[in-house]
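The sequence shown begins at 12 in the numbering used here and counts up by one. All C-beta atoms, glycine included, are put in the ideal place defined by N, C-alpha and C. Since the structure is predicted, the reported quantities are computational estimates derived from the model, not experimental observations. Notes follow once the structure below has been shown.
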Amino acid sequence: MRRLAFEDRVLLLALAAGAPGAAVSVVLLILGPYSPKVIWTFGMLVFGLWVGFAFSIRERVVRPLQTLSNLLAALLEGDYSIRSRGATSSDALGLAMLEVNALGATLREQRMGALEASAVLRKVMDEIDVAVFAFDAERKLRLLNAAGERLLGQPAERLRGRTAEAIGLDMCLEADRRILEATFPGARGRWELRRTSFRQGGQPHELLVMSDVSQTLREEELLAWQRLIRVLSHEINNSLAPIKSIAGSLISLVARPERPADADADLERGLSIIAGRSDALSRFMQSYARLAKLPPPRLGPVNVGEWVHRTARLETRLPVRVNDGPRVILSADSDQLDQLLINLVRNAVDASLETGGAVTISWTADDSRVEVIVLDEGAGLSDTSNLFVPFFTTKPQGSGIGLALSRQISEAHGGTLTLENRRTVGVEARLRLPLRPNGEGNRDGT
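Structure below.
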């Protein structure tokens, strides 16, 4: 059986409520001393009032609900301009209308804020010189900015909906490298790629951000060459200047028609100085070649405990204390790690010998990496900004490549090397290395 509509039920209830009164009125008319004409007249009047009031009640109940429904439908459609007039807080229905009006005002403010934020975001995306692309789960382009249009050499209307392969960006979505050298219709150069994922409408999307780093890299390369030339020029001039001066003196000495008695001693001393400066220059060039041509690490199993103890025993000037950590096997180049730790220990011992302090090596590990810590009790670092600058040294006999080479070795293994002054006294060198190149650790040799 079909259920009656709400307004029909209201009408029936109103008729039922008025039916007893109408029936009593008709009965009294019939039983009273009234003529048939009066009975029919008043009977029709009672019937009309009864039915009229019932329909009026129906209208009074249904019409506000229809208004409320229209307001909610407008809000659902995004039209926040419609308001209910005459709503007051003196009755329940008026309170409902006021709450709907307040909801509409709130939604309108939020919508305006969202539109303004979207406008600002679109403006920023169009103004930045970085290409931004958004792809859906099927790798179809859904969003790009003005820089992306310039990069691909086509307007957004022709690019949206096309696959990454069709527009030549599939290699960027699949590339493992962060820096990619590629040519596009609108530009050519080296690009820094950043990829991430997000969800929109419940569907996964990929965000690709591409920035041209060609100019930046060229500037960095230029600065690197300038620094290199300054270092090489300084060191070579420091060696050639005395060589040239002494060579000129020796030439004038040999050219004399009568040489003094100590001429041979002067010649020997001058040639010795020239040989010494030549050896120093040769050592400098060998040190630079060693830093510039560090081979890639040849990975193999390295027992951290054996490595640390072996390096500590190599230092004979000062006993190096070792605080044992967990038993750990990492995948690394054993020879390069020896070179790295030897440099750190040698620097720590040099600093501690000046103050009569001690040197301690310890290590910790978790499931992904090992951390080796070298502590000294020296005077500390006065300037940490140039620690890893090649050929910068504060030692009279230092080459200035030890720390630079050590950091290069650590980074070649995917790790980091930092040096900081301790709170009490001395310096803390902290070397962090992944247990394996892919980050999958190995504890207890298993």
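Element boundaries [alpha helix (DSSP H), containing residue i]
{"i": "Glu-120", "result": "103–138"}
{"i": "Leu-42", "result": "17–42"}
{"i": "Val-49", "result": "47–87"}
{"i": "Gln-350", "result": "345–366"}
{"i": "Ala-272", "result": "From DSSP, Ala-272 is part of no alpha helix (DSSP H); its letter is neither H nor E."}
{"i": "Ala-488", "result": "What the structure shows of the chain is the stretch from 12 to 457, and residue 488 is not part of that stretch, so it cannot be assessed."}
{"i": "Ala-167", "result": "167–170"}
Selected residue, minimal CA-CA separation from residue i, among the options
{"i": "Phe-209", "options": "Phe-144, Ser-244, Glu-127 and Ser-260", "result": "Phe-144"}
{"i": "Ala-25", "options": "Glu-70, Gln-165 and Pro-166", "result": "Glu-70"}
{"i": "Val-381", "options": "Gly-367, Ala-167 and Val-339", "result": "Val-339"}
{"i": "Arg-74", "options": "Leu-87, Tyr-45, Gly-54 and Leu-104", "result": "Leu-104"}
{"i": "Thr-435", "options": "Leu-392, Gly-425 and Leu-444", "result": "Leu-392"}
{"i": "Ser-67", "options": "Asp-19, Leu-414 and Gly-197", "result": "Asp-19"}
{"i": "Ser-379", "options": "Val-57, Ser-95 and Pro-445", "result": "Pro-445"}
{"i": "Asn-334", "options": "Val-319, Val-62 and Ala-266", "result": "Val-319"}
{"i": "Leu-170", "options": "Glu-176, Leu-152 and Gln-419", "result": "Leu-152"}
{"i": "Asp-344", "options": "Val-360, Gly-425 and Glu-192", "result": "Gly-425"}
{"i": "Leu-348", "options": "Thr-327, Pro-307, Gly-200 and Thr-366", "result": "Pro-307"}
{"i": "Leu-154", "options": "Asp-140, Gly-172 and Ala-193", "result": "Gly-172"}
{"i": "Met-7", "options": "Ala-27, Leu-234 and Arg-201", "result": "As displayed, the chain neither begins before 12 nor continues past 457, which places residue 7 out of reach and without an answer."}
{"i": "Gln-214", "options": "Asn-248, Phe-146 and Tyr-91", "result": "Phe-146"}
{"i": "Leu-79", "options": "Leu-60, Leu-106, Val-57 and Arg-433", "result": "Leu-106"}
Supposed close pair residue i, residue j - CB separation, criterion 8 Å
{"i": "Val-331", "j": "Val-356", "result": "6 Å"}
{"i": "Leu-251", "j": "Gly-281", "result": "Their Cβ separation, rounded to whole angstroms, is 15 Å, which puts Leu-251 and Gly-281 out of contact at 8 Å."}
{"i": "Ala-148", "j": "Gly-159", "result": "No, Ala-148 and Gly-159 are not in contact; Cβ-Cβ is about 20 Å, not under 8 Å."}
{"i": "Gly-29", "j": "Ala-65", "result": "6 Å"}
{"i": "Ser-417", "j": "Leu-351", "result": "5 Å"}
{"i": "Ser-283", "j": "Arg-447", "result": "Actually they do not touch by this definition, with Cβ atoms about 53 Å apart."}
{"i": "Gly-54", "j": "Val-37", "result": "5 Å"}
{"i": "Leu-163", "j": "Gly-124", "result": "33 Å between Cβ atoms; not a contact."}
Proximal residues to residue i (C-beta, below 6 Å), its chain only, five neighbours per side dropped
{"i": "Leu-114", "result": "none"}
{"i": "Asn-156", "result": "Met-136, Asp-137 and Val-143"}
{"i": "Glu-431", "result": "Glu-439"}
{"i": "Thr-375", "result": "Gly-336 and Glu-382"}
{"i": "Phe-17", "result": "none"}
{"i": "Gly-456", "result": "Any reading at Gly-456 needs caution, since the residue's pLDDT is 40, under 50, leaving its predicted position unreliable; the model's value is listed next. Closer than 6 Å at the Cβ level, and outside the excluded window around Gly-456, lie Ile-340."}
{"i": "Thr-405", "result": "Residue placement at Thr-405 cannot be trusted, given a pLDDT of 49 that sits under 50; what the coordinates show is reported in the next sentence. Cβ within range, chain order: n/a, list empty."}
{"i": "Thr-174", "result": "Arg-150 and Lys-151"}
{"i": "Ala-359", "result": "Val-370, Val-385 and Asp-387"}
Neighbourhood of residue i by C-beta, 7 Å cutoff - its chain only, sequence neighbours within 5 removed
{"i": "Asp-277", "result": "Leu-264"}
{"i": "Thr-207", "result": "Leu-218"}
{"i": "Leu-325", "result": "Ile-353"}
{"i": "Val-72", "result": "Val-21"}
{"i": "Thr-117", "result": "none"}
Endpoints, beta strand (DSSP E) assigned at residue i
{"i": "Thr-429", "result": "427–432"}
{"i": "Val-385", "result": "380–387"}
{"i": "Glu-192", "result": "190–195"}
{"i": "Gly-311", "result": "311–314"}
{"i": "Ala-177", "result": "Neither: Ala-177 is in no beta strand (DSSP E) and is coded neither H nor E."}
Same chain, Cβ closer than 8 Å to residue i, five either side skipped, listed in chain order
{"i": "Ser-363", "result": "Leu-329, Ala-369, Val-370, Asp-387, Glu-388, Gly-389 and Gly-437"}
{"i": "Asn-9", "result": "With the chain covering 12 to 457 only, the question about residue 9 has no answer from this structure."}
Residues that DSSP places opposite residue i in a beta bridge
{"i": "Leu-204", "result": "Met-221"}
{"i": "Val-333", "result": "Ile-372"}
{"i": "Val-143", "result": "Val-220"}
{"i": "Arg-441", "result": "Ile-384 and Thr-429"}
{"i": "Gln-214", "result": "Gln-211"}
{"i": "Leu-154", "result": "Ala-145"}
{"i": "Ile-340", "result": "Asn-314"}
{"i": "Arg-199", "result": "Thr-194"}
Cutoff 8 Å: residue i Cβ touching any chain C Cβ
{"i": "Val-111", "result": "The question asks about chain C, but that chain is absent: this structure has only one protein chain."}
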